[in-house]
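2 protein chains.
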Amino acid sequence: MRTPQELSTAFRAIGLKVTPQRQVLFSLLHQNDGHPSAEAIHLAASAAMPGISLRTVYQTLNDLVSMGELQQLQLTPGSARFDPNTSDHHHLVCDGCGDVRDVYVSGLADVDVRGLDGFRVDATDVVFRGSCPTCTSATGDPSAPHA
Amino acid sequence: MRTPQELSTAFRAIGLKVTPQRQVLFSLLHQNDGHPSAEAIHLAASAAMPGISLRTVYQTLNDLVSMGELQQLQLTPGSARFDPNTSDHHHLVCDGCGDVRDVYVSGLADVDVRGLDGFRVDATDVVFRGSCPTCTSATGDPSAPHA
DNA sequence: ACCGTATTCGCAACGATTGTTGGTTCGCAA
DNA sequence: TTGCGAACCAACAATCGTTGCGAATACGGT
Ligand SMILES: [Mn+2]
Ligand SMILES: [Mn+2]
Ligand SMILES: [Zn+2]
Ligand SMILES: [Zn+2]
Chain V
1 MRTPQELSTA
11 FRAIGLKVTP
21 QRQVLFSLLH
31 QNDGHPSAEA
41 IHLAASAAMP
51 GISLRTVYQT
61 LNDLVSMGEL
71 QQLQLTPGSA
81 RFDPNTSDHH
91 HLVCDGCGDV
101 RDVYVSGLAD
111 VDVRGLDGFR
121 VDATDVVFRG
131 SCPTCTSATG
141 DPSAPHA
Chain X
1001 MRTPQELSTA
1011 FRAIGLKVTP
1021 QRQVLFSLLH
1031 QNDGHPSAEA
1041 IHLAASAAMP
1051 GISLRTVYQT
1061 LNDLVSMGEL
1071 QQLQLTPGSA
1081 RFDPNTSDHH
1091 HLVCDGCGDV
1101 RDVYVSGLAD
1111 VDVRGLDGFR
1121 VDATDVVFRG
1131 SCPTCTSATG
1141 DPSAPHA
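Heads up: the protein sequence lines correspond to chains V and X, in order.
Under this note's numbering, the first residue of the first sequence is numbered 1, with each subsequent residue one higher.
Under this note's numbering, the first residue of the second sequence is numbered 1001, with each subsequent residue one higher.
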């Protein structure tokens, strides 16, 4: 994620105004290395600016996504996750707790792909699904705590 | 997708009944090599059995998914897609028309993955996003029809 | 054929996201 | 500094996809 300053400039450049609400969101996203939902972002933003509306959060997230400054992920049914990490990376998803982590993959260009049939590929997303260490020890451990 | 007969046996084996509605769905899915939504499956099922409820379609699809006989995909925001193709394959998604196609990838085991950190990987999903031949010629063609 | 239980269906409810409207505030270019 | 248009909020309503619920019905082992 670019800095709040850079994002402010980018917003102004396309005729969008830089409001305090947006600045709060720029700052939160810039520091965020996770994969928060809109609801989670709203919660965090509310701490810094009580009263900020969920509607405004959605609006700004959508703006950032369409500017290519933020990635929107739909890894599971349910709410979308937003990803401030714009570097070339992929994801691990824990089926147990729903946690999403970044993972870096190299050598993807060497895989053999059959069936492209004239399809133009713009992006490749790899999603590894499984169990995080916490959930693995919980489910695999016979002495695991209840539920 | 296994045959309707095999699915019937599998259902009975776990105490689930084989109803006419389910038989219609078994048959439809067995012949289907696409990635239909629940709505689309309901539409097709309604042709064979007028009056079948969308609720029943969801119920049976969910049963098949939890039995591992059917795959559920969440490739985009919006409705889930169901995949009767249980072979090891991956997907192409057209950003233009939303079409989903199968693609076969080999050599995935050779890619270098950093950041696994004790995470146990059970499945790997690769999604190629881009533009199908139809949408590519439409958008790239200066003489393309309006809108 | 009987009976217990699974299934069906229609409708209500849900979670996530977007649309609307009206009044107020505020960024920012001139 | 001013003025205009954008953005904000509140308060809803609406949409979409999916699931919960409950009364009526039907499967299938005996
Ligand atoms: Mn990420
Ligand atoms: Mn497929
Ligand atoms: Zn976990
Ligand atoms: Zn297309």
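Note that CB positions come from ideal geometry on N, CA and C, so glycine has one too.
Scanning V/Glu39, V/Val103 and V/Val18 for the CA closest to the CA of V/Asn85 turns up V/Val103.
Under a criterion of Cβ atoms nearer than 9 Å, no residue of chain V is adjacent to X/Ala1038; the nearest Cβ is some 12 Å distant.
Sorting X/His1089, X/Gly1096, X/Gln1071 and X/Ala1080 by C-alpha distance to the C-alpha of X/Gly1130 places X/Gly1096 at the top. Against chain X, the CB of V/Gln59 has no partner CB under 8 Å away; the residue lies outside that interface. Between the segment 1015-1030 of chain X and the segment 1040-1054 of chain X there are three or more inter-stretch CB-CB distances shorter than 8 Å, so the stretches are counted as touching. Residue environment: V/Thr60 is assigned as buried (16 or more neighbouring CB atoms within 10 Å of its CB, all protein chains considered). Interface annotation, V/Cys132: in contact with chain X, CB-CB separation under 8 Å. Between ligand 1 and V/Asn32, a heavy atom-to-CB distance of less than 7 Å is absent. Beta-bridge pairing by DSSP links X/Cys1094 to X/Gly1130.
If you check each beta-carbon in the segment 67-78 of chain V against every beta-carbon of chain X, the ones closer than 9 Å belong to Gln72, Gln74, Leu75, Thr76, Pro77 and Gly78. The Cβ neighbour count for X/Ile1041, taken over all protein chains shown within 10 Å, is at least 16; the residue is labelled buried. Every beta strand (DSSP E) of 3 residues or more that sits fully in the segment 1020-1102 of chain X is shown, in chain order, as 1071-1073, 1081-1083 and 1090-1094. V/Asp102 has its CB nearer than 7 Å to a heavy atom of ligand 1.
Within the segment 78-97 of chain V, contact with chain X at the beta-carbon level (separation under 7 Å) is assigned to Ala80 and Leu92. At a Cβ-Cβ threshold of 8 Å, V/Arg81 and V/Leu73 count as neighbours.
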